[in-house]
């Protein structure tokens, strides 16, 4: 199994990275978490006819803007997209003129699964929990080949963070702020210290920091500083960077 960080920025693209997108490949399927501009790199990694499922945390633009690149792909199977309430309204509007190529004109089918709606649920190997952000936002936990991966971005501290990360082989957490930054109560996010303490309390095995606020973490050196700080509280921490690939 592989985890590919296709985009690791929050808010907007910089020389340090594209906006957030994570690809997980198992023997039988591909799982994608969020669709920032890193999504355009998918065709470097996706091969063959495995099922492809995309899980959106929420609909802020830095998490869906990469959908503009869907026209370049030629998937052999439908793209299954899952997300919180508002999925159909958001994507039916965004995947249409004048913003991008309409969904109906893409070279593959798209199926939308609005979680929480009647009859809609995640695949059996994925669970979701609401996180603490400015609107509906979900964190996810997937089990593939007996390995567990928790993906939690755009959130302040909340109980569901701990439950999703509990005993996870890999905990992928946002790291938008610097430690000591006064947080905006209307836009909750985490800093490296908070992410590390969550990983430690949840007994996660490894922590990867991502979704670095583009206006705060300007360089890879800045990100390495976040990694160094987080390691003071949770040793097995790494700052993710674009095109980093993990083998589990």
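Residue numbers (this note's numbering): 163 to 410. Quick reminder that beta carbons are idealized off the backbone N, C-alpha and C, glycines included. It should be emphasised that the depicted structure is a prediction, and the values quoted were computed from it without experimental measurement.
Residue from the options whose Cα sits closest to the Cα of residue i
i	options	result
residue 374	194, 224, 216 and 189	224
residue 172	208, 228 and 211	228
residue 273	324, 213 and 328	213
residue 284	244, 359, 249 and 383	244
residue 399	356, 377 and 376	356
residue 252	222, 260 and 242	222
residue 239	208, 306 and 385	208
residue 211	202, 406 and 191	191
residue 181	363, 290 and 196	196
residue 177	409, 381, 362 and 254	381
residue 297	164, 385, 408 and 219	219
residue 254	247, 246 and 264	264
Contacts around residue i, its chain only, beta-carbon distance under 7 Å, and the 5 residues preceding and following it disregarded
i	result
residue 402	167, 170, 370, 371 and 372
residue 391	341, 354 and 355
residue 179	169, 170, 171, 403 and 404
residue 247	276, 278 and 298
Beta-bridge partners of residue i, as assigned by DSSP
i	result
residue 349	DSSP output for residue 349 lists no bridge partner at all.
residue 163	Paired residues: none, contrary to the question.
residue 183	169
Cβ neighbour criterion (16 or more within 10 Å) applied to residue i
i	result
residue 335	buried
residue 350	buried
residue 206	exposed
residue 315	buried
residue 286	exposed
residue 203	buried
residue 260	exposed
residue 343	exposed
Own chain partners of residue i with C-beta closer than 8 Å, once the 5 adjacent residues on each side are dropped
i	result
residue 339	345, 351, 352, 353, 375 and 378
residue 236	269 and 270
Close Cβ partners of residue i (< 6 Å) along its chain, the five nearest in sequence each way excluded
i	result
residue 230	262
residue 329	365
residue 249	274 and 276
residue 310	330 and 331
residue 303	289, 312 and 326
Quick check on the DSSP output: what are the complete beta strand (DSSP E) runs of length 3 or more inside the stretch 195-268, in order along the chain? You should have 213-217 and 241-245.
Which runs of the beta strand (DSSP E) fall wholly inside the stretch 302-383 and span at least 3 residues, in chain order? 309-314, 332-336 and 369-372, all fully within the stretch 302-383.
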